[in-house]
Structure formats: C-alpha cells, structure tokens
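Those protein sequences? They're chains A and B, same order as listed. Going by the numbering used here, the first sequence wraps up at 460, each residue one higher than the last. Going by the numbering used here, the second sequence wraps up at 920, each residue one higher than the last. Ideal placement from N, C-alpha and C gives every residue a C-beta, glycine not left out.
Number of protein chains: 2
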Amino acid sequence: GATPPVTTIPGTAVKTAERLRDKALHDDTGYRIVTSLTTEVGPRLAGSDADQRGRDWAIAKFKALGFDKVYTEPVTYPLWVRRSEHGAIVAPFPQALVLSALGYSAGTPKGGLTAQVVRFDSLDALKAAAPAAVKGKIVYIGYRMQRAKDGHDYGMGSAVRVTGPAIAASKGAAGYLLRSAGTDAHQRIAHTGVTDFEDPARAIPAAALSNPDADQLERILAMGKPVTVKLDLDCGVVGEYTGANVIGEITGRKYPDQVVAIGGHLDSWDPGTGAIDDGAGVAIAMAAGKLIGDLPRRPDRTIRVIAFANEEMGLWGGRAYAAKHADEVTKFQLGTESDFGAGPVWRMSASVKPGARDAIGQIAGVLAPLGVTYDVSKPGGGGSDLSQMHGKGMAALSLTQDGTHYFDWHHTSNDTLDKIDPKELAQNVAVYAAFSYMAAQADGDFGSATGAFAGDGAGE
Amino acid sequence: GATPPVTTIPGTAVKTAERLRDKALHDDTGYRIVTSLTTEVGPRLAGSDADQRGRDWAIAKFKALGFDKVYTEPVTYPLWVRRSEHGAIVAPFPQALVLSALGYSAGTPKGGLTAQVVRFDSLDALKAAAPAAVKGKIVYIGYRMQRAKDGHDYGMGSAVRVTGPAIAASKGAAGYLLRSAGTDAHQRIAHTGVTDFEDPARAIPAAALSNPDADQLERILAMGKPVTVKLDLDCGVVGEYTGANVIGEITGRKYPDQVVAIGGHLDSWDPGTGAIDDGAGVAIAMAAGKLIGDLPRRPDRTIRVIAFANEEMGLWGGRAYAAKHADEVTKFQLGTESDFGAGPVWRMSASVKPGARDAIGQIAGVLAPLGVTYDVSKPGGGGSDLSQMHGKGMAALSLTQDGTHYFDWHHTSNDTLDKIDPKELAQNVAVYAAFSYMAAQADGDFGSATGAFAGDGAGE
Ligand SMILES: [Zn+2]
Ligand SMILES: [Zn+2]
Ligand SMILES: [Zn+2]
Ligand SMILES: [Zn+2]
C-alpha cells in the first residue's frame, strides 16, 4: 500500500509488545542459548574447526527454537591461525611475559624474534617518530583504559591495537607490543583483537601484553637500560576460508519480504568461549525471535535473526551481508545488532525518517520500564555488522548496553559464561523482542532507502 | 647471667620500639625490596636458574641494606621442572582447558594422556571409591573455596590438591584434576601448588583447572555422557638440586649468639613473580631488620633474617634449617615468619613459657595501635618454615595477616607486585620491627628449649 507520511504502531501491537517484554524478563531462553553455545561449541575463532561446529550449532538451534526458515549465506575471508605464542624479557631481567598475538599478526622466525624495545607514549608519538628510532626494534605503547559505562576508552585502546602495528611496520619496526586494550588492570590475562594488517606482506609480529606484564615492562624500561624482548609467535594467514552467516526467520504474515533485522556475531576470539562477545548477542537475538515466534500468530513482517560470520577480524560477515543485500535495503524495516556484552540496555537512539520519530517514541515508551532512556540527539548505528546495512541506508537503532565491565573480559580467556548475569541478559531479550515486534507491526516504515542515513554520524 | 623467672622488656626498649613502629609505618623500604625482587628476579621456582639469581639478589640486598653478616646454608631437594602444560576436553565438546601442573606431577607420555573423567564430590568420596571406578581414569574433584579473612577454606582446598593425587594414584587413576584451590571464582587462571608425590615412582599427571574451566567441565559432566580429557604435561622430577637459605644478621651487641629469627621464603611458584607469596614476607623481614640496623646502636641480641629456600615444594629450607639448628634451639629467643601475603596483621598469638606472657603482653601493647589484637587462647606457630624450629622447641609467635584476597592470587600468574598495597606492607614491617626489637631487648627469655612446645597445637 501507499506509505503514510507518519508511521505509527497500532495500540494492540503496543499491548502485545508490553506482554512480550514482561514475559521475556522472566524467561531464560536467552541464557539457555548462550550456555549451550559456550559449553557445547566453546571458542569459535573464524575459520577454525569450531567455526564450522558453531554454524552447525546455530542451524540446529534455530530449528529447535521453531524458526520458520533457516539458511546460510557464504562469507569468504583470509584464514588466520594461532598455533602458539610465547614472550619473554631476555635482558636485563629474564622472565616470561603473558601476551596474546593479535589478529593478522605475522609469526616470528623459527627460534623467535629478539629485539630491543622502544617505548612511545602514544599513537601520535609513534606517528611522529623518525624511522631510525624504530627500525629493527619492538615498538611498545602503553595506553591504559579506564572503565566506563559507554566504554569510551576503547576508542583509543582499539586504535593503538588496530592501527599501531602497521604504523610501526611502515617505519621498519621488527615487532609491536601494546598494553592490552582492557580495563582489568590487575589480571594477568592478555586481550587479543584484530589489526589492520590486511596485507600479510606488510605484517610484523604484534601482540598484547596483560596489564600487569605491561606494568612490569614499563618498570624495567623506566630504569633506563636497554630492554630486550623475545617474541615467539606461531601464527599467521595461511590461505582463505569460506564460512557463512547463519540466518533464522520468523516469517511475516502480511509482508514476508519486509524484515526486522537483529543479530549478533557467531565467531569469537579463541582464548575465551565467546560468552559476552558475542554469544550474548546471538542469544539475545535468537531468544527475541523465538519469543515472537511463540505468539499465537506470526508478526506482520519477518523477524530475521542473523548470526554473523567473522566479525572479529574485520566485519567480514557484516560486509558480505551488506554487499549482498544493499539493493533491497528498502525491505529492511529497522535493524540493530547486539555486540557489547550482556549488561543491561540503558539507552536507545535511532536513525529513522522524521515521520517515524513518533513510532520510535512509542517503542521508547515500551522500553522505558526496562530502564532504557531514549536519546533523541544521537543517531542509531545498527551495531557492529549491521552498521554495514545501515551504511547502505537501513533505518537503525542503537541499543546501548552498560559496558562498565565489558572490557575487563573482552577478547580474553576470561570471556566465559560466568560473566553473564541471567537477569541482565533477559532484560536485553525483553528489549529486542519488544522493539522487533513493534517495528514488525508498524503502520508504515522507518525510512530505509539507499544512502538514506549517510550523514547521521553513526559511523564516527 | 641467671634467667629471671619473669621476662620483661625495659621501658626504654618499649619506647624505642614505639618509635621504630611509627617510623616503619611511613617508610617504604619493604615496598622497595619487594619491587626489586619481583622486577629484577621475577618468578623463582626452586631449582630454576632464577632460584640462583634470587640467592644472588638476596645476598646483595642484605649487604646493601647494611646487615652485619650475610651467609648461606645449603638446602638439597628433588628438582622438579615444568616445561609446558596443555589440557583439553576431547569429547563430547572439544575445547582447550586452562590448567597448571602441580608440583611433583609426573609428565604425560609423549602425545599426551587421553582418558575419561570420573568426578568425586569430595576427598572422602575419593577415599571411599572402589579402585575399579578409578582405574585408568582421570579423577576430578571440584571443591570450591570461599574468601575468608583467615583463609580457612585452604585447609580443604590444599588437602584436595596435596593428598588427592596420591590417593587417586593408589587406586590406579591415570591422572588427576582439581578445581583450583583459589577464591578467584571468575578468573581463568589456574592455581598450582605441591602434591605429596615425594616418590616420583608413584606420581601420575596432576593439574589444577581454573575456576571457570572447572565450571565448564562440571557443566559438561552434568549432562551425563562420558567426558574425555587430554592432558599434555611436560614436567617432572629430573634429579636433585642444592640451593640455599640466605641469611642476614644485625649482630647483637650484648648477646650476639642469641637470635630473634624472622623471615620469609625466597622461592616462588613459577607462573607469577612471587609478590604476595612470598616476596612480601622476605621484604617485611628484611625491612624490619634494616630499620633496627638503622638505630643508633645495635640491639642486645641478634636479629636474624632468613630467606628460606624451596618452601613451596615441602618446607625444604625450613626443614633443613631446623635439622641444622635443633641443638641450639635455646639460643632462639623468639621467632616467626611472614608467609600469608601482604595484608595487614590483625592478630597475634604466642607459644612461650608462662613467665614470658607479660613480655608478650608488652609487645601486644606496642602492636595494638597497628590494629593487632592479642589472642591469648591461641598458640604461636612461627609461620611456615620456622614452624620447623618451633617444632624443635623455639618460642614463637603467630602474626596473622588479613588473607581475604590472598587465595585470589596465590600460586598463580596473578601473584604480581600490583597486588601489594604499600601501606599495608609497611604495617607489617612496623609489626615485625617492633616485636623483633622488643624480643631482642628483653630482660629474660621466652622459654625456648628442646621440645618445649610440643603440645601447643600450633601444627594442627
Ligand atoms: Zn563482538
Ligand atoms: Zn570482539
Ligand atoms: Zn608461601
Ligand atoms: Zn605458596
């Protein structure tokens, strides 16, 4: 039919959404899903044997949860493997270092790489450094992240990890070390994560030290004598791999080809079991879809739950998805992904057409009792992988979780099930179920159109 | 001279002890010592290259701190080495396990040991088990320690670790796993520690799982299907090693051959840098001796600071020390060792002759402003290594530290400098400096005599 200028959500849909919300709060479907994934599959490094087991698990789980349609879409990416990793201070005070190789890190030569450490106070200082100061050395940067609800220190923390190695490499560095981009100042556990060594030919060995190991290295560097470190990293890109996004749908009754897109990413870093990153996101979206599927009748539009492939090494699943579906962006009613742990959602914001602001307000009204505040001044970015569909023009929300402790465990062996509070997870499911259902039942759209939100600042 | 029936501490000595106490509270000698040891030597597994570096460090540090006499006494023990350790669940859900081989653990055969896991609810249940239920399997016990100021759960926690492996071995078990004896319920870090596999011929592979890994294993076991685990431990006893206790003395002016004995142990487990266990103890005793040495004149009796060898694998330094010095036990005025972390001392108790209770009361009076309560109902055990001299008849104190968080980090990679609060460490130095000085200046003795305190219950 003709699209009305102002989108609204019928009162009956609001009531159903409120019941869905209240039911989800006392439902353990999400927690059972993330327990199953992290226990029965465990770590799911993209391209590993466990990656395949993760897809098998997701297909089986969607089916067991009663989704109407379950399918996969291939995603191809470079295959990076981690076999082993060791580090040590060689001189002046020999001792082991706890570290983790970064995604796309090169391996070290057989027998390891031994070189002097040169410290820079910041990424800017490294950028400004003369190549002669860096050449042949192991660059170290010690940026310290502090805890914050919105995790804002990860902006710099991730920049030091993602972009630092290539900058060091471009100046001739032999290797790269950083203080982990993590807020667990006292845990001897390293935080891995990706670098922008897209071209393996440019990659050098790069690793993150645990916070206490960074303290130790800095203490020794501060003594002023040359410090030599040995890195022994057996890792690297070994070819190409084709995995898949796994998708489950609760098929819309009226407009089956119009979709509300939610999801999480199925892959995880290998040291942990990927509970908060991003088993939680997968579980939240799957459980929301399942609860909607349990209603007496199917929603007007399709609820599409996407378990993305290889988010961790550069949004591969999200980019493949957006490339494949860009030309049908108008069929994406509204979307967002959960990928910031399992803490409660406390804020929502949206990038939608002006005529859909009232409907967003209606959604906000249903979410408010969950502790969610609607910030009209911010855009909605769609989360990690779905940011790519938003970039194509999909109307999107941001549902911001409390990330105070997210970076204590993020990308470490400590990302395990015990970090998830079942009640907080259920709050997330309530948020996703309620908003998804309301978007599916809306009388009108949210403004998805090719390039519609290019200027909203969500990508910044 | 003739020993008076009632021992007292002269008023001038009490005043000097009060000044020592107050000075120590604002002195950072102890923190500088433990920083130096944990940074410049780092981990100090008994018999390792770092063990020798630790002795060199201790000798140099005693000299730098102005001790009058610095010497070593040899200690010989089995040399156990840890080369590498890996574990994994093989079936039904393959994934890596974070674990640490236990002291004196046997290594696994080349290619690893793969066997089914059999769980017992307690050490008693394992003791009661029929060998047929255990034979060829990997025994698992999942005792959970809770935090406590006095760390009392370590009684059972250490029993499961120390005695469990040999019980399992005696019933034909192929291997042994326990939930770490640690109170860090959410840290993916394993707690190592010794077993009673004194005879390597009886040893089987034995390791501790981190708490979250134990959770995971238990979750999978609870599903009721057979669970297979692979252990790959490259470790074992490879011979004998002779290290040494390192001893520094502030020589007594009046009675140089009468000693107040304090100390800590110089060795540490290898995953951490041995900050709380027991760099702190070494630092507390060294700093106390140093502050006494800084007084305008030497104390009446000698302050002997002992940095013991290989406490961790069975009190080897303490036992060697007691064997060598048993026949001169009457020359040990009073003694105790610090080996429970770096938390503040909150309680003191003593095993002394009745006529020395008043003097202990005087010491308690000086320590009271530090927050130390004198419990007259408890014995004084002398701490870990010096418990052996106490067993020979040395009058001894117990200076009980707040161990609420001690078992969060004990015997793990997390035992690092950042876990020590400099102010709390200084409180310990104040306690040791004040009591040691008062004992050295006492008019009379504390009742040390061969076998004097055999029935005091300190060893229980
Ligand atoms: Zn993620
Ligand atoms: Zn991530
Ligand atoms: Zn100890
Ligand atoms: Zn210990």
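- Bounds of the beta strand (DSSP E) holding B:Met808 are Val805 to Ser811.
- Taking 6 Å as the cut-off, one finds at least one heavy atom of ligand 2 near enough to the beta carbon of A:Asp277.
- Contact annotation: the segment 395-402 of chain A touches the segment 375-384 of chain A, with at least three C-beta pairs closer than 8 Å.
- Ligand 2 never approaches A:Glu18 closely enough for any of its heavy atoms to be under 6 Å from the residue's Cβ.
- Between ligand 2 and A:Glu312, a heavy atom-to-CB distance of less than 6 Å is present.
- Annotated three-state conformation of A:Trp80 is strand, per DSSP.
- A:Ile59 carries a helical assignment under DSSP once its states are collapsed to helix, strand and coil.
- For B:Ile680, the chain A residues whose Cβ falls inside 7 Å of its Cβ are Thr39, in order along the chain.
- Counting the other CB atoms within 10 Å of its CB gives A:Gln146 a total below 16, which places it among the exposed residues.
- For A:Asp196, the CB stays at least 6 Å from every heavy atom of ligand 3.
- Contact between the segment 33-49 of chain A and the segment 297-312 of chain A is present: 3 or more CB-CB pairs across the two stretches fall below 8 Å.
- For B:Phe768, not one C-beta of chain A is nearer than 7 Å to its own C-beta.
- Under the 10 Å beta carbon count, B:Thr472 is surrounded by fewer than 16 other beta carbons and is classified as exposed.
- Between A:Leu386 and A:Val431, the gap from beta carbon to beta carbon reaches 7 Å or more.
- Across the set A:Gly335, A:Asn245, A:Ala208 and A:Val305, the C-alpha of A:Asn245 shows the shortest separation from the C-alpha of A:Trp316.
- Boundaries for B:Glu700: no alpha helix (DSSP H) harbours it, while the beta strand (DSSP E) harbouring it runs Thr688 to Ile710, taken from the DSSP string.
- Along the segment 485-514 of chain B, going in chain order, the ones with a CB nearer than 9 Å to a CB of chain A are Thr495, Thr498, Thr499, Glu500, Val501, Gly502, Pro503, Asp509, Ala510 and Arg513.
- Interface flag for A:Phe93 against chain B is set, since a Cβ pair is found closer than 7 Å.
- Per DSSP, A:Phe435 is one residue of the alpha helix (DSSP H) stretching across Pro422 to Gln441.
- Leaving aside the five residues that flank A:Asp415 on each side, the residues in its chain whose CB is nearer than 8 Å to its CB run, in chain order, Ser268, Trp269, Pro271, Gly272, Thr273, Gly274, Ala275, Ile276, Asp277 and Trp409.
- Neighbours of B:Arg817 across chain A, judged by C-beta separation under 9 Å, do not exist; the nearest C-beta is about 42 Å away.
- A straight-line Cα-Cα distance of about 11 Å links B:Val765 and B:Thr711.
- Per DSSP, the beta bridge partners of A:Phe120 are A:Ile141.
- Under the DSSP assignment, A:Val14 falls in the alpha helix (DSSP H) whose first and last residues are Gly11 to Leu25.
- Contact of B:Thr876 with chain A is assigned, a C-beta pair being separated by under 7 Å.
- In this structure, A:Asp267 has its beta carbon at no less than 6 Å from each heavy atom of ligand 1.
- Leaving aside the five residues that flank B:Ala782 on each side, the residues in its chain whose CB is nearer than 6 Å to its CB run, in chain order, Gln848, Met849 and Lys852.
- Under the three-state reduction of DSSP output, A:Ser36 falls in the helix class.
- Across the structure, A:Ala133 and A:Val118 are spaced so that their CA atoms are roughly 8 Å apart.
- The DSSP-derived three-state label of B:Ala524 is helix.
- Interface criterion met: the Cβ of B:Ser873 is under 7 Å from a Cβ in chain A.
- The residue from A:Ser210, A:Lys331, A:Tyr104 and A:Ser448 with its alpha-carbon nearest to that of A:Val238 is A:Tyr104.
- At least one heavy atom of ligand 3 falls within 6 Å of the beta-carbon of B:Asp799.
- At a C-beta separation below 7 Å, A:Asp215 has these neighbours in chain B: Asp878.
- Against chain A, the CB of B:Pro686 has no partner CB under 7 Å away; the residue lies outside that interface.
- Using beta-carbon distances, A:Arg188 counts as an interface residue toward chain B, with a partner under 7 Å.
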